[in-house]
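Colleague: Here you go, one structure.
Here you go:
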């Protein structure tokens with residue numbers, strides 16, 4: 170499919186893309202680029218990449234897996250690659266900021282830039298967590314701009330489909346609103362809960378007796394804090410909007426508990442239970458039919 174692929178950022182997601190491409194024989198050579206020499210050494214040792222060239226990334230396909238606040242600089246460095254016709258995509262959790270970064274650094278959104286976001290991952294970090302099956306049966310959202318070439322979009326779509334993913338096209342702003350609800354807010358709450366409990370005078374005892382519910386809810390608080398700091402900052406408007414809505418609903422639930430309105434509390438819990446089970450059943454049905 171590709172003679173050469175460049176992975177810019179060989180952490181868990183970037184490394185998984187490299188591993189999946191390698192396993193499926195979709196590229197002849199994989200170049201790796203990363204600000205961390207440790208990550209590059211680990212990726213080379215694991216066979217995720219073939220080499221780590223100096224200078225700006227180059228390849229038939231370039232995949233950006235970098236912190237979102239660095240994407241403006243990285244895109245600026247890719248000006249020669251865009252001029253050479255390289256197809257460039259990314260795996261970042263926000264999409265409108267990627268398009269905005271292209272305008273800032275390049276003066277336009279190049280036709281061969283196709284922003285993307287695989288809805289897959291884990292709280293593990295680094296190339297040692299790379300998994301070639303990470304994207305199988307998961308969705309990847311592509312948010313091409315009006316200026317994106319159809320051929321570039323098709324190229325990126327076929328790449329993800331070859332890695333076992335289902336591709337969905339979506340407007341960038343809509344993507345960021347949806348992900349603020351389903352990903353960014355849950356991560357923020359997980360981090361906030363752990364931080365809040367850690368401030369208790371008896372936090373050691375509290376954590377000692379934490380049960381499955383606590384572990385399930387806070388698992389994602391083990392994720393990369395640099396990445397999530399950047400996501401919260403770059404999707405600030407959408408995140409604050411859904412956080413305000415959640416805070417108001419939480420305050421309402423607190424009021425029900427404070428006033429001993431047991432039936433009101435039950436109604437909130439029951440509605441949440443039914444909704445959650447319906448969503449889980451819907452997702453399970455989609456997966457079983459694929």
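In this note's numbering, the protein residues as written are 170 to 459. C-beta atoms are modelled at their ideal positions from N, C-alpha and C, and glycine is treated no differently.
1) Helix, strand or coil for residue 292, going by three-state DSSP, please let me know.
2) Which one or two residues does DSSP pair with residue 171 in a beta bridge?
3) Which partner residues of residue 335 appear in the DSSP bridge assignment?
4) Return the residue from the list 376, 312, 289, 307 that minimises the CA-CA distance to residue 282.
5) Identify which residue in 344, 379, 451 has its Cα closest to the Cα of residue 268.
6) Which one of 290, 418, 217, 291 has the shortest CA to CA distance from residue 441?
7) Does chain D have any CB closer than 8 Å to the CB of residue 230?
8) Below 8 Å on the Cβ atoms is my contact criterion, and I expect residue 225 with residue 247 to pass it. Report the Cβ-Cβ distance as a whole number of Å.
9) Over what stretch of residues does the alpha helix (DSSP H) that includes residue 280 continue unbroken?
10) Who pairs with residue 201 in a beta bridge, going by DSSP?
11) What do you get for residue 188, buried or exposed, if any count of 16 or more other CB atoms within 10 angstroms of its CB means buried?
12) If you run the structure through DSSP and keep just helix, strand and coil, what is residue 231?
13) Excluding the 5 residues preceding and the 5 following residue 458 in the sequence, name in chain order all residues of the same chain whose CB lies nearer than 7 Å to its CB.
14) If you reduce the DSSP assignment to three classes, tell me which class residue 370 lands in.
15) So, helix, strand or coil for residue 443, using DSSP?
16) Count the C-beta pairs between the region 312-325 and the region 270-282 that are closer than 8 Å, then say yes if the count reaches three, no if not.
17) Going straight from the alpha carbon of residue 361 to that of residue 387, what length do you get?
18) Which whole-angstrom value describes the C-beta separation of residue 408 and residue 353, a residue pair presumed to lie in contact below a C-beta threshold of 8 Å?
19) For residue 236, which of helix, strand or coil comes out of DSSP?
20) What's the call for residue 192, buried or exposed, on a 16-neighbour Cβ count within 10 Å?
21) Do you know how far the Cα of residue 425 is from the Cα of residue 296?
22) Under 7 Å Cβ to Cβ from residue 443, same chain only, skipping five residues before and after it: list those, please.
23) Tell me where the alpha helix (DSSP H) around residue 345 begins and ends.
24) Between which two residues does the alpha helix (DSSP H) holding residue 406 run?
Modeller: On the basis of the supplied data:
1) Taken through DSSP and simplified to helix, strand or coil, residue 292 comes out as coil.
2) In DSSP, residue 171 forms a bridge with 196.
3) According to DSSP, which records beta bridges pairwise, residue 335 is partnered with 308.
4) Checked all of 376, 312, 289, 307; the closest Cα to residue 282 is 312.
5) Answer by Cα proximity: 344.
6) With distances taken between Cα atoms, residue 441 lies closest to 418.
7) No chain D appears in this structure, which consists of one protein chain only.
8) Going by Cβ atoms, the distance from residue 225 to residue 247 rounds to 6 Å, so yes, they are a contact pair.
9) Premise fails: residue 280 is in no alpha helix (DSSP H) and is neither H nor E.
10) In DSSP, residue 201 forms a bridge with 176.
11) Per the 10 Å Cβ criterion, buried.
12) Of the three classes helix, strand and coil, the one that applies to residue 231 here is strand, per DSSP.
13) In this prediction, residue 458 scores a pLDDT of 46, lower than 50, which makes its location untrustworthy; no coordinate-derived value is stated.
14) Coil at residue 370, not helix or strand.
15) Residue 443: helix per DSSP, three-state reduction.
16) Yes, since at least three Cβ pairs between the region 312-325 and the region 270-282 fall closer than 8 Å, the two stretches touch.
17) In a straight line, the C-alpha of residue 361 is about 9 Å away from that of residue 387.
18) Residue 408 to residue 353, Cβ: 5 Å. Contact.
19) In the displayed model, residue 236 falls within coil according to three-state DSSP, outside both helix and strand.
20) Classification of residue 192: exposed, given that the 10 Å Cβ count is below 16.
21) Taken atom to atom, the span from the alpha-carbon of residue 296 to that of residue 425 is near 47 Å.
22) Here the set comprises nothing.
23) It spans 341-348 - the alpha helix (DSSP H) in which residue 345 sits, taken as one unbroken run.
24) Where residue 406 is concerned, the enclosing alpha helix (DSSP H) stretches over 405-427.
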